[in-house]
Amino acid sequence: MEPLILTAAITGAETSRKDQPNLPITPEEQAREAKACFEAGARVVHLHVREDDGSPTQRPERFRDSINAIRAAVPEIIIQISTGGAVGEPFEKRLAPLALKPDMGTLNAGTLNFGNDIFINHPTDIVRLAQAFKEYGVVPEVEVYESGMIDVVAKLVKQGHIVHAPLHMQFVLGVPGGMSGKPKNLLYMIEHLASEIPSATWAVAGIGRWHLPTAMLALVSGGHIRCGFEDNIFYHKGIVAESNA
593 MEPLILTAAI TGAETSRKDQ PNLPITPEEQ AREAKACFEA GARVVHLHVR
643 EDDGSPTQRP ERFRDSINAI RAAVPEIIIQ ISTGGAVGEP FEKRLAPLAL
693 KPDMGTLNAG TLNFGNDIFI NHPTDIVRLA QAFKEYGVVP EVEVYESGMI
743 DVVAKLVKQG HIVHAPLHMQ FVLGVPGGMS GKPKNLLYMI EHLASEIPSA
793 TWAVAGIGRW HLPTAMLALV SGGHIRCGFE DNIFYHKGIV AESNA
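Everything in the sequence shown is counted per the numbering used here, starting at 593 for the first residue and increasing by one.
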């Protein structure tokens with residue numbers, strides 16, 4: 593059995609300190625959280641960055657500050673930056689931090705309703721983003737929110753736009769507007785991925801109440817797990833977690 597990989601999504605772009613007072617925002621706070629998560633077993637940190645006032649940003653300078661702080665605190669951890677940013681962020685700003693050449697980055701594979709907004713990933717922009725990953729030598733984590741996006745990714749792999757072996761897929765389940773984290777949905781996603789891209793590895797990020805159910809199913813199904821304040825702010829129902837770790 594392959595080792596299970598834990599990814600800590602420590603900040604996100606939507607979570608606020610109003611709802612989660614322990615949300616790490618500054619580079620120094622993110623470095624402390626990344627180290628604590630590493631000591632708790634995580635080996636990847638999924639990174640969004642914020643300005644000091646808590647607003648989400650894709651400024652490369654802010655990413656550089658956080659990456660440097662995390663590297664200094666816990667050099668062993670794999671840093672995976674988000675190219676999704678906050679919903680509505682212009683595509684050029686989303687793409688820009690890849691020039692920092694982090695270990696990994698996210699590549700969103702389609703457009704969907706996202707709560708009361710629309711998370712737009714135009715097909716031509718998806719191809720442009722895939723090309724940027726190749727240009728900068730960054731490993732992509734391909735994020736899919738429903739099963740049809742797996743078909744999109746399989747097509748892009750066949751066309752040579754997405755190149756990495758093995759390809760790593762992240763199932764993001766439970767976003768309002770996307771596929772829920774019901775067990776039958778995750779089992780179908782696993783089966784569908786195996787039929788379309790047999791060599792791919794996968795992880796699951798269950799949002800909100802789907803956090804633990806999807807994680808437990810991944811644990812016994814050969815997948816990997818993402819957790820953290822981006823996806824869920826609670827430790828138990830109604831009890832806000834004290835830290836990502």
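Backbone N, C-alpha and C fix where the C-beta goes; we use that ideal spot for every residue, glycine too.
All figures in this text were calculated on a predicted structure; none of them were measured in a lab.
Unbroken beta strand (DSSP E) run spanning residue i, endpoints
| i | result |
| --- | --- |
| Asp709 | Asp709 to Phe711 |
| His862 | Look at the range of the chain in this structure, 593 to 837, and you will see that residue 862 is not part of it. |
| Ile817 | His816 to Cys819 |
Beta bridge counterpart(s) of residue i as assigned by DSSP
| i | result |
| --- | --- |
| Leu765 | Gly798 |
| Asn700 | Glu735 |
| Ile671 | Val637 |
| Gly770 | Pro768 |
| Phe725 | Phe725 is not bridged to any residue. |
| Pro648 | Arg642 |
| Ile754 | In the DSSP output, where bridge partners are listed per residue, Ile754 has none listed. |
| Val832 | Phe826 |
Cβ-based burial, residue i [other Cβ within 10 Å; buried from 16]
| i | result |
| --- | --- |
| Gln622 | buried |
| Arg642 | buried |
| Val636 | buried |
| Gln672 | buried |
| His803 | buried |
| Ser658 | buried |
| Val812 | exposed |
| Val736 | buried |
| Glu625 | buried |
| Arg738 | The sequence given here places Glu at residue 738; Arg does not occur at that position. Buried, since its Cβ has 16 or more Cβ neighbours within 10 Å. |
| Gln549 | The structure shown does not extend to residue 549, since the chain spans only 593 to 837, so no value can be given for it. |
| Arg801 | exposed |
| Met808 | exposed |
| Gly830 | exposed |
| Ala722 | buried |
Whole-number beta carbon distance between residue j and residue i, since they are thought to touch under 8 Å
| i | j | result |
| --- | --- | --- |
| Thr793 | His816 | 7 Å |
| Ile789 | Val749 | 6 Å |
| His638 | Ala605 | Going by Cβ atoms, the distance from His638 to Ala605 rounds to 11 Å, so no, they are not a contact pair. |
| Phe683 | Asp709 | No, Phe683 and Asp709 are not in contact; Cβ-Cβ is about 15 Å, not under 8 Å. |
| Gly766 | Ala601 | With a Cβ gap of about 13 Å, Gly766 and Ala601 do not count as contacting. |
| Leu704 | Gly769 | 5 Å |
| Leu687 | Thr675 | 6 Å |
| Leu778 | Phe763 | 7 Å |
| Asn836 | Ala628 | 7 Å |
| Leu690 | Phe725 | 7 Å |
| Met696 | Val730 | 6 Å |
| Thr603 | Glu822 | 6 Å |
| Pro732 | Ile754 | 7 Å |
| Thr599 | Ala810 | Rounded, the Cβ-Cβ distance is 11 Å, inconsistent with contact. |
| Arg818 | Ala797 | 4 Å |
| Ile742 | His714 | Rounded, the Cβ-Cβ distance is 18 Å, inconsistent with contact. |
Extent of the continuous alpha helix (DSSP H) to which residue i belongs
| i | result |
| --- | --- |
| Ile602 | No alpha helix (DSSP H) holds Ile602; DSSP gives it neither H nor E. |
| Ile659 | Pro652 to Ala665 |
| Leu804 | His803 to Leu811 |
| Ile782 | Pro775 to Glu788 |
| Gly676 | First-last for Gly676: undefined, no H or E at that position. |
| Lys685 | Phe683 to Leu687 |
| Ser619 | One point to set straight first is that residue 619 is Pro, not Ser, in the sequence displayed. Run containing Pro619: Pro619 to Glu631, per the alpha helix (DSSP H) assignment. |
Per-residue DSSP class, three states only, for residue i
| i | result |
| --- | --- |
| Asn614 | coil |
| Arg720 | helix |
| Gly740 | helix |
| Arg609 | coil |
| Val745 | helix |
| Pro715 | helix |
Chain C contact for residue i (CB, 7 Å cutoff)
| i | result |
| --- | --- |
| Asn614 | Included in the structure is just one protein chain, with no chain C present. |
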